[in-house]
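Undergrad: For reference, the structure I am asking about is given below.
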Amino acid sequence: MPSAVVTGASQGIGRAIALRLADDGFDIVVNDLASQTALLEDLASEVKAKQRGCFVVTGDVTVETDVQEIVLKAVSSFGELNVMVANAGVIKMKSLLGLTGNEFDKVHAVNVRGVFLCYQAAAKQMIAQGKSGRIVGACSIAGYRPQPDALAYAVSKWGVRGLTQASAIELAPYGINVNAYCPGMVKTAMWDEIDAAITKKHGVPLGSAWDKGSKERPAMGKTPTAEDIAGCVSFLVGKDSRLITGQSIIIDGGIQFS
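Heads up: the sequence shown begins at 1 in my numbering, then just goes up one per residue.
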C-alpha cells in the first residue's frame, strides 16, 4: 500500500487530511509537537479503524533531524514514502510596526523552513526509491493577497509559493510533483486566533470577525471546511493530477482569484 506523511496532523486541516488519505488507501505517519501526543494517538486510532497502518512520530518540523526521523519512520514501517504533506504552520497576528524580529523568525521557522525541510527530506527519499512521488505544502490565500495585521504569516506563505514552484522545476525530472493548497477561511484553532485578534482590535464581540467575513467575503456564500481542503490534497496526490505541478491551489469559496 502507498504511504504518506502528514505534519501538523493533530487537529484541524492536518487531521482531516490524514483521515482522507486513509480513506484513499494510504498508510500514514502522523506528526506534530510532543505536546499534541494525545491528539495524535486518537487520530492514529481512527486511521487504524479504517484498516490502514498508522504511526505517530512527534517532533519539530524546524529541526532537520526531526524531519529526517519522520521520513525514516515511514520507510521503516511501510517500505517507502510516496506522499509528503507539509501541513504544519503557525500565525502571529501583528502588523509591520508591532512585530518583533524574533516573532517574525518564529513564523518563518515553521512556515517556510519547516516546509523546506519536509520537501527536501521527502524528495531525497523519493529519488533514492527511483519512483515518482507527490509533495504537497500548506500555503494560504494570504500567499496571494496579504491581510492587515498578519505580516509575517503572509510573507511566509508567499515563500511557500516560491518554494513550491522552484521545487517543482527541480524535481520534475524525477517524476515528483510538488504543489500547495491555499485555504481561505476555515474554522480551525488558527482562525479562532485570527478572530480574537481582529475583534479585540476593533472592540467588537468575539466571533464577529468570523461571522461577518464568512458571510460577506466568499462569492459562493460559504467557507470551506477542513474536509474540503483534504479533498483538494486527495486530488493532488492522486493519479488524475499527474501533470499538475508547481501550483498553489485556492480553496476558499471565491474570495481570492489567482
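For every residue, glycine included, the Cβ atom is placed at its ideal position computed from N, Cα and C. Because the structure is a prediction, the values reported are computed rather than measured.
Please report the straight-line C-alpha distance between H202 and S208, rounded to a whole angstrom.
TA: If you take the alpha carbons of H202 and S208, they lie about 10 Å apart.
Undergrad: My output table needs one value for A16: the three-state DSSP class, helix, strand or coil.
TA: In the structure shown, A16 sits in a helix (DSSP, three-state: H, G or I).
Undergrad: Could you tell me the distance, in whole angstroms, from the CA atom of S45 to the CA atom of I28?
TA: In a straight line, the C-alpha of S45 is about 12 Å away from that of I28.
Undergrad: Only counting runs of 4 or more residues, tell me where the alpha helix (DSSP H) segments fall wholly within the segment 186-222, in order along the chain.
TA: Counting only runs of 4 or more, we get 189-202 and 208-216.
Undergrad: The alpha helix (DSSP H) that contains C232, what's its start and end?
TA: It spans A226 to L236 - the alpha helix (DSSP H) in which C232 sits, taken as one unbroken run.
Undergrad: Within 10 Å of its beta-carbon, does L96 have 16 or more other beta-carbons around it, so buried, or fewer, so exposed?
TA: Label assigned to L96: exposed.
Undergrad: Can you tell me where the alpha helix (DSSP H) holding S45 begins and where it ends?
TA: Looking at the DSSP string, the run of the alpha helix (DSSP H) that includes S45 is T37 to A49.
Undergrad: Check whether the Cβ atoms of G175 and S132 sit closer than 9 Å, and answer yes or no.
TA: Cβ atoms of G175 and S132: closer than 9 Å.
Undergrad: Measuring CB atoms only, is the segment 84-100 touching the segment 137-152, in the sense that at least three cross pairs come out at less than 8 Å?
TA: Yes: the two stretches touch, three or more of their Cβ pairs being nearer than 8 Å.
Undergrad: Taking the Cβ atom as the reference point for each residue, do G59 and N31 lie within a distance shorter than 9 Å?
TA: Their beta carbons are under 9 Å apart, which means G59 touches N31 by this criterion.
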